[in-house]
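K.L.:
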Amino acid sequence: MTQEWQKAQRPSERESAERVAEALDAAQVERIIRRAVELQVDEDLAMPALEEPALERIATELGIDQEHLRRAIAEAKTDLTRPETTLLDRLFAPPSITESRIVHGSRDTVEARIIGWMRRHEGMRMRRRGESGALWETDPHIFTKVRMGLRMG
329 MTQEWQKAQR
339 PSERESAERV
349 AEALDAAQVE
359 RIIRRAVELQ
369 VDEDLAMPAL
379 EEPALERIAT
389 ELGIDQEHLR
399 RAIAEAKTDL
409 TRPETTLLDR
419 LFAPPSITES
429 RIVHGSRDTV
439 EARIIGWMRR
449 HEGMRMRRRG
459 ESGALWETDP
469 HIFTKVRMGL
479 RMG
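All residue numbers for the sequence shown refer to our numbering, where the first residue is 329 and numbers rise by one.
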């Protein structure tokens, strides 16, 4: 009787093969989750904005590493919309240039390196500093112009 009970509780080879065939790979799981979120958003167009702590809880539930989440948040916050370049921009130069990158390191260390590089090698000076970046302009000092002209930077 015990063997019959164990046999009844143990899945057959066919059932095991069906379960393996039903297992989803990582790409499928990602597509399914993405589609489920799209369906949820479509259904609830009045979805409230989420604050970072709520987003962190959701990411934790989904098993997303907090470091990856923080990087994704930083990338989303610094996403700058760039205007289309015109023929004049390509022939001469656009009136301003905007660039952004996500780099590894502490904020203080990275900022110090950028400031040093921009001053020494690009002949620029910081005009304004904000939470999401800085505004730079050409340094008008005569020594900077001479140094840059002689490529001494």
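Positions of the beta carbon are idealized from the N, C-alpha and C atoms, including for glycine. The model shown is predicted, which means the values in this text are computed figures rather than measured ones.
1) Cβ atoms of I430 and R457: under 9 Å apart, would you say?
2) Once the 5 residues before and after E427 are set aside, which same chain residues still bring their CB inside 6 Å of it?
3) Does DSSP classify R447 as helix, strand or coil?
4) Can you give the beta carbon distance from G451 to D467, rounded, assuming they're within the 8 Å contact cut?
5) Please confirm whether R479 and E465 have their CB atoms less than 9 Å apart.
6) Give the C-beta separation of L397 and A387 to the nearest angstrom, bearing in mind that I take them to be a contact with Cβ-Cβ under 8 Å.
7) Are the Cβ atoms of I361 and L383 separated by less than 9 Å?
8) Name the two residues that bound the continuous beta strand (DSSP E) containing E465.
P.N.:
This is what the structure holds:
1) Not closer than 9 Å, so no.
2) Once the five neighbours on either side are set aside, E427 has no close Cβ partner at all.
3) Look at R447 here: in three-state DSSP terms it is helix.
4) G451 to D467, Cβ: 5 Å. Contact.
5) Annotated as distal: R479 and E465, with beta-carbon spacing of 9 Å or more.
6) Correct: roughly 4 Å between the Cβ atoms.
7) Cβ atoms of I361 and L383: not closer than 9 Å.
8) Following the DSSP letters along the chain, one finds E465 inside the beta strand (DSSP E) bounded by residues 461 to 466.
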